[in-house]
Every structure is written in structure tokens, then in C-alpha cells.
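Structure first, commentary second.
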Amino acid sequence: MVSDAAMAANWAGNVRFRAERVVAPESVGELQEIVAGARKARALGTGHSFSRIADTDGTLISTARLPRRIRIDDGAVTVSGGIRYGDLARELAPNGWALRNLGSLPHISVAGACATGTHGSGDRNGSLATSVAALDLVTASGELVSVRRGADEDFDGHVIALGALGITVAVTLDLVPGFQVRQLVYEGLTRDTLLASVEEIFAASYSVSVFTGWDPASSQLWLKQRVDGPEGDAEPPAERFGARLATRPLHPVPGIDPTHTTQQLGVPGPWHERLPHFRLDFTPSAGDELQTEYFVAREHAAAAIDALFAIGAVVRPALQISEIRTVAADTLWLSPAFQRDVMALHFTWLSAEATVMPAIAAVERALAPFSPVPHWGKVFSLPPAAVRAGYPRAAEFLALAARRDPEAVFRNQYLDTYLPAA
Ligand SMILES: Cc1cc2nc3c(=O)[nH]c(=O)nc-3n(C[C@H](O)[C@H](O)[C@H](O)COP(=O)(O)OP(=O)(O)OC[C@H]3O[C@@H](n4cnc5c(N)ncnc54)[C@H](O)[C@@H]3O)c2cc1C
């Protein structure tokens, strides 16, 4: 076991963990012993969450040094929870397999991303957690338990579980046959066109993102098209929805070197080198930032986007860039897309909390009529009751957590605030 003081903060540096100690076990047996002996414990993946979700005042357990495992079997892959999506993809792709979707960056751990409902985009793509078919987790007593989709009736409570049920050591993910994607970026999408054609725009490709600084004249439209799909081998039109096809690679954040982004300009490539916006070997996003994201039901998409354009001047001083994406409905109890398709409204802020928090409050006021729920892993200031109100299965989740963790070993201040025990 290795103590690693360098891991005492998250990736963004805005959360300094309160943990008494940080440990990185090198075997599942060692992990089981640590958990069984802990007063309080919490898993840490790659630390890419901006909220205090991973924090504990006890033992913070990094999954980074647990044995790496990747076993492909019968249309599924079983991996160690701490593996990064990018490392997994590099094993899957040469074997002709793919995951259905990826987030904007491949640097995050599979278990940590699924625990918070991390998502990419696509009207027909659920969050990354929807690919989870089974989990092995070490529960508070140190016991290793397995849950499987279709076999355990509370499985849907285990997948997006915020680290509250135990430490996931293995995840089985559904695979699909490998596919090629090409990425086209269009510049100059206007607010009026976005509002008038929001459904058509997000239905236009396998995965669609709109990057915007809330300037009515100049959003970017990113289309990720499957080469085997309906538009995949057609000559890309020079104009889509009134926006112009970019003829040079672009970074979503104006002024940043596009070397960090995955290949654009319509060059086809393997799924894992096009679906994320950022390349595994480079710093993702701006690198020095805070992030916030809210989910609203799809029927509110245009009105919610309109409300954000209306406060563009208020948010812009704190903003690097916003991204709008879609996520398909699922059945996972703590999913922001539980039983409803959602639009995800994301903000990459400057890393200056004093400037950012008033902007977050303004966004929350603007979105209030649409009952927004925040991303579990990002910064927000919504009242706890408003967060909990977004989850109709919260009570069932709390009962499950009490069963799996009767001594509240995995409970932390974040859970006490947003999902207090009954
Ligand atoms: C640059 C950047 C880009 C991002 N892009 C996106 C995006 O495109 N879409 C999106 O939805 N989000 C995005 N995020 C947010 C990010 O995906 C989530 O915060 C995600 O949870 C990070 O995974 P992680 O491994 O770093 O988890 P951590 O931050 O380490 O942990 C998150 C939670 O998961 C729990 N956890 C971690 N590992 C385990 C385990 N093995 N067992 C049980 N619980 C565990 C922790 O206890 C904690 O509660 C981005 C973040 C950054 C920094």
C-alpha cells in the first residue's frame, strides 16, 4: 500500500480533500482489509470531479494502483474500475470492439465516470453508465459482492451510486462492433437558428455538440458522424443550419491551440479517437477551469437555451465556453436522465470561484422554471431540496445505501447535504 499525499486535491485543484490519509492499495485483498478497518472511506478515481463528491474525513482510497484487468468475452468487456476509458479503448479498438459512446475526455476512470452519470452526446446515446452490465464492489464490511443487470432487482440503483455503496473493483460493459467516425465543425451558428431548429440540429448526427459563448451570432456546431451511418460517406455540405464548414481545426475554447483536440475536418478515424473532443495524451479542455452542468427535460430545450442567451452578458465575464449536448433516457435511479430524454447545458468557467459563483447563481435563476438538476460531479449552488426533487427514486436509493452500508462508512458531507439519510 502506498500513501500518496500528491493526490490530496482533485484535478482542477478547487477541492483539497479533508481525508486523514490517502492510500492506493495494490490488490483487491488489500483494499478489502482497508475498507473493513475504516471508520470512514471513499473511493477516488482519477479525481476529475469538481464537486466535493469524492471527499471524506477518513481514508481516501485511490483505485489507480489496483491490478489492471481487461477481459473481452462474448460482446462485453470486464475491466478493473480504476482503468481510464482511453486506456481501455486502446485495447478494444484493435480487437474490433467499441463502446457505444464516450465523454468529452478519455482521461477519466470507468468506475468514477459511471458513478457520477458522466455522459457524451447523442439523441440515442444514454450516459456512459447505461453500458454497465455488471459490477463487483467491496462493501463497507470488506465483502466483495457482484450485481448484474437482469439478475438483481436493485441493479439500477448500483450503477450511478456516487460512491455511496462501496468501491467498485470490476465493471462489465456492453460492447458494440468497432466503428469509424468523422468529425465536422461548423462556425457561425446563430441563436435564432439554434432555437428554431434545436430538435433537427441535435438529431443531425450520431453525436452533436453546440459550443457557445452565448453570443447570438457565433456558436460552433460539432457533428460526429458514424461513417457507416446515413451521412457518413456523403460529401460534407459547406453549410449546415446556416453555419459554415470550418476549414481548419478548432478548439472549443476560443484562442486555445487545437492540437489538444481530436482530429476534425471530416477525416474518418476510429470511434475512440473522434468521440471525445480531447486527446488522451494532451491536457483536456482548458486545463485551468471550473465546470458546471445542468440537465433539463428535452421539452424545455429551446426555452432553456433562450433563457441562457438572455443572461449572456452576466455569465460571459466568468465563462471560457459553454457546451450543449443531449442524453437519452435511462432507468438508473440517480441518473439525471431517469425516464426522460434530457438536454445538458454545460459551462467551462475560469478557475476563479469569486467570479464564477455569482454567474452560477444567475444560471440557476434563469433555469429555475425548467427544474434543472445538476451534474453530480460539477460545481453548483442549487438548494439541496431542489437537487433531491429531481430524483423520484431517491428514497429507494437511500434504503439500498442503508442496506449496503449500515454504518455509513461511505457517507460524506456531500451525501449528507444532497441525499440525507431518512
Ligand atoms: C476536463 C474535464 C472534462 C469533463 N468532461 C465531461 C463530460 O464530457 N461529460 C460528463 O458528464 N462529465 C465530464 N466531466 C466530469 C467527469 O467525467 C466526472 O466528474 C467523473 O466522475 C470523473 O471521473 P473520475 O474517475 O475522475 O471520478 P472521481 O472524481 O475520482 O470520483 C467521482 C465519484 O465517483 C466515486 N468513485 C470513483 N471511483 C470509484 C470506484 N472505483 N468505486 C466506487 N465509486 C467510485 C468517488 O467516490 C466520487 O464519489 C469532465 C471533467 C473534466 C475535468
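In this note's numbering, the protein residues as written are -3 to 418.
The C-beta atom is built at its ideal place from N, Cα and C for all residues, glycine as well.
Note that the coordinates shown come from a computational prediction; the quantities given were computed from them, not determined experimentally.
- Per DSSP, reduced to three states, the secondary structure at Q287 is strand.
- Apart from the 5 residues on each side of it in sequence, S377 sits with its Cβ closer than 7 angstroms to the Cβ of M353, I356, A357 and E360 in its chain, given in chain order.
- According to the DSSP assignment, Q216 belongs to no alpha helix (DSSP H) but to the beta strand (DSSP E) extending over S215 to R222.
- Check the Cα spacing between W329 and each of A398, T413 and A391: the tightest is with A391.
- Under DSSP, W345 forms a beta bridge with L286 and L315.
- For the set R178, W210, Y182 and V181, the Cα lying nearest the Cα of L191 is the one of W210.
- Within the chosen limit of 7 angstroms, ligand 1 reaches the beta carbon of S105 through at least one heavy atom.
- Close CB contacts of I66 within its chain, under the 6 angstroms cut and outside five residues either way in sequence, are with V75 and E87 (chain order).
- Take the alpha-carbon of A147 and the one of Q335: they are about 21 angstroms apart.
- Taking L315 as reference, the option from A111, V249 and H268 with the minimal CA-CA separation is V249.
- Linking L346 to H371 through their CA atoms gives a straight-line distance of about 18 angstroms.
- Look at I30 here: in three-state DSSP terms it is helix.
- Counting only runs of 4+ residues, the alpha helix (DSSP H) found wholly inside the segment 155 to 206 occupies 187 to 192 and 194 to 198, in chain order.
- When Cβ pairs closer than 8 angstroms are counted between the two stretches, the segment 297 to 306 is seen to touch the segment 172 to 192, the count reaching three or more.
- Along the length of the segment 43 to 90, whole alpha helix (DSSP H) runs at least 4 residues long occupy 81 to 88, reported in chain order.
- Annotated three-state conformation of I320 is strand, per DSSP.
- At least 8 angstroms separates the beta-carbon of L62 from that of A397.
- Taking 4 residues as the minimum length, the alpha helix (DSSP H) runs contained wholly in the segment 330 to 411 are 349 to 363, 380 to 385 and 390 to 400, in order along the chain.
- Here P365 has no same chain residue with a Cβ atom under 6 angstroms from its own Cβ, once five neighbours each way along the sequence are excluded.
- Taking 7 angstroms as the cut-off, one finds no heavy atom of ligand 1 near enough to the beta carbon of G138.
- Within a 10 Å sphere around the beta-carbon of Q287 sit 16 or more other beta-carbons, which makes this residue buried.
- Here G78 has T59, A60, L62 and S105 as same chain residues with Cβ atoms under 6 angstroms from its own Cβ, once five neighbours each way along the sequence are excluded.
- Taking non-hydrogen atoms of ligand 1 into account, the C-beta of Q287 is found less than 7 angstroms away from one of them.
- Counting along the chain, the unbroken beta strand (DSSP E) around A20 starts and ends at R17 to A20.
- Between the segment 164 to 175 and the segment 112 to 129, the count of Cβ pairs shorter than 8 angstroms is three or higher; the stretches touch.
- For W93, DSSP records a beta bridge to P173.
- One alpha carbon belongs to R38, the other to W93, and they sit about 32 angstroms apart.
- Note that the C-beta distance between F343 and A136 is not below 8 angstroms.
- Under the DSSP assignment, V143 falls in the beta strand (DSSP E) whose first and last residues are L140 to R144.
- Three or more Cβ pairs closer than 8 angstroms define a contact, and the segment 197 to 208 meets that threshold against the segment 218 to 225.
- The Cβ-Cβ distance between G138 and Q28 falls below 8 angstroms.
- When secondary structure is reduced to three states using DSSP, P266 falls in the strand class.
- Contact between the segment 175 to 185 and the segment 260 to 280 is present: 3 or more CB-CB pairs across the two stretches fall below 8 angstroms.
- Between the alpha carbons of A4 and A50 lies a distance of about 11 angstroms.
- Not one heavy atom of ligand 1 lies closer than 7 angstroms to the C-beta of H268.
- Residue burial is scored here from C-beta neighbours: R80 has at least 16 other C-beta atoms within 10 angstroms and is therefore classed as buried.
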